Amino acid sequence: MHKIIGLTGGIGSGKTTVARFIEEMGYPVYNSDTRAKDLVNESHDLKAAIIQLLGSQAYDENGLYDRKYVGSIVFSNDELLKQLNAIIHPAVNKDFHDWVKRQSREIIFKETALLFELKLNLQCDKSLLVTADESIRIKRVMDRDSKTYREVEKVIDNQMPERKKIRLADYVIENNSDMQHLRLSTEKIMTSLINDLHKI
Ligand code: ATP
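Once you know that position 1 of the sequence shown is 0 in numbering that gives the first Met the number 0, the rest is easy, because the numbers rise by one and skip nothing.
Structure below.
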C-alpha cells in the first residue's frame, strides 16, 4: 500500500522548490497543477467536455487550450468556474490514481495548491505545508512572474488564510530564509515524516 503525502502551500510559498528537493531525495512527486495544464490538451474526453461547456473558442487555432480566453470568461462567472472545475478536477483525480498505481516507492507525494480548499488532504495519509510570510511570498512572485504587488496580493486574498492551513497541516516548513535553509528544513521534516509513517 502506498502512503500519500499531500504537499501544499500558497502562491510563492516555495512548494515547487520543496517538491524538487523531495524528488532529489528519491521520492516521486505528482504535480496536480502541472498535470491539469497538460491534461486539458492531452485528454480527448476532457477537451470535448470543456468545448461543450465553454465553446470551441476555449481552444486556439492550433487546438491548444486558451488559458487567457478561458480565464477571461470564468473570472467573473462563479457558476461557470464551478462547472469547469467539476470537469477538470475528476480528470486530474483519475490521472493521479493511474499514476499512483505505477509507483513502486511506498511513500509518494501529491503537490497541489488547493489541498485543503478541496479537502484533498482527507485522501492523503499526511499533509505537508510550505509557508512563508506574506510580504516575502509577494516579493518572490513579483520577481518570478513580473507581477505587481497588488496582483499577487489579490491572489493571496482569494486563497485560504495561512493560519487556517497551518492548523490543518500535519507538518509545516517555514520558508522565510534562503534556499540552503529551505533544503535543510525539508531534509529535517522528511526524516520525521518517514519515521512517523513507518509507525502507521
Ligand atoms: P506557486 O504556487 O506560485 O507556483 P510555489 O509555492 O510553487 O509558488 P516556488 O515556485 O517554489 O513556489 O517559489 C516561488 C519563487 O520563489 C521561485 O522563483 C523560487 O525560486 C523562489 N524561492 C523559493 N524559496 C526561496 C528561498 N528560500 N529563497 C529565495 N528564493 C526562493
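All C-beta atoms, glycine included, are put in the ideal place defined by N, C-alpha and C. Only a predicted model underlies this, so the values are computations on that prediction, with no experimental measurement involved.
Ranked by how close their Cα comes to the Cα of ILE137, the residues ASP156, LEU63, ILE193 have ASP156 in first place. Spatial neighbours of ILE193 in its own chain (CB-CB distance under 8 Å, excluding positions within 5 residues in sequence) are listed in chain order as ILE106.
Taking C-beta atoms as the reference points, ILE4 and PHE108 count as a pair closer than 7 Å.
LEU181 has its CB nearer than 6 Å to a heavy atom of the ligand ATP. With a contact defined as Cβ atoms closer than 8 Å, HIS88 and LEU117 qualify at about 7 Å. Taken in chain order, the complete beta strand (DSSP E) segments of 3 or more residues contained in the region 76–135 are 106–110, 125–130. If you look at LYS2, you'll find it in the beta strand (DSSP E) that goes 2–7. In the DSSP secondary-structure assignment, TYR170 is bridged to LEU127. Linking LYS36 to THR190 through their CA atoms gives a straight-line distance of about 32 Å.
Comparing alpha carbon positions, the residue from ASP177, LEU52, TYR68 closest to GLU78 is LEU52. In this model, ILE50 and GLN56 are separated by some 8 Å (Cα to Cα). Under the three-state reduction of DSSP output, ASN194 falls in the helix class.
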